[in-house]
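Report on the following structure.
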């Protein structure tokens with residue numbers, strides 16, 4: 284099971300994402316979009332706000348659905364890769380929506396971060412794969428000379 288991550292800790296991996304992170308980033312975005320949502324009916328500004336809200340709602344639902352499985356016993360190591368990708372992808376998209384406000388005083392730069400890997404083991408594994416691919420290409424290049 285995932286060990287609880289202290290609120291002030293830095294979010295590094297997908298397995299560190301908590302429902303509380305989703306709730307907070309969602310509220311932050313809703314506050315930013317609310318002014319545009321009150322623009323004149325039919326205006327582009329209001330339509331953009333509606334579009335952002337729709338995407339935001341979809342991503343939050345994806346995260347809520349995926350994160351419910353991370354709280355089950357022994358799931359942190361057995362979570363299907365597809366679910367890991369779903370959580371990471373939805374989180375990164377939600378983060379991308381909020382990232383233009385990184386200098387805002389309410390922006391949580393410690394928690395609202397892009398995540399590349401599910402956990403440390405995933406990072407090591409993927410870096411090893413990249414090194415292997417690079418080595419293979421280097422050998423192929425040398426053989427073709």
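In our numbering, the protein residues as written are 284 to 428.
The beta carbon of each residue, even a glycine, is placed where N, CA and C say it ideally should be.
Keep in mind it's a predicted model, so treat the numbers as computed, not measured.
If contacts are defined as beta-carbon pairs under 8 Å, then residue 294 and residue 371 qualify, I think. What distance do you get, rounded to the angstrom?
Rounded, the Cβ-Cβ distance is 11 Å, inconsistent with contact.
Please confirm whether residue 377 and residue 349 have their CB atoms less than 8 Å apart.
no
What distance in whole Å lies between the Cβ atoms of residue 312 and residue 347, which are believed to be in contact at a cut-off of 8 Å?
Their Cβ separation, rounded to whole angstroms, is 15 Å, which puts residue 347 and residue 312 out of contact at 8 Å.
Delimiting residues of the alpha helix (DSSP H) encompassing residue 330:
327 to 350
8 Å Cβ shell around residue 328 - same chain, five flanking residues per side excluded:
319 and 322
Extent of the continuous alpha helix (DSSP H) run through residue 365:
364 to 381
Can you check whether the CB of residue 339 is closer than 8 Å to the CB of residue 309?
yes
Compute the distance between the beta-carbons of residue 373 and residue 345, then report whether it is under 8 Å.
yes
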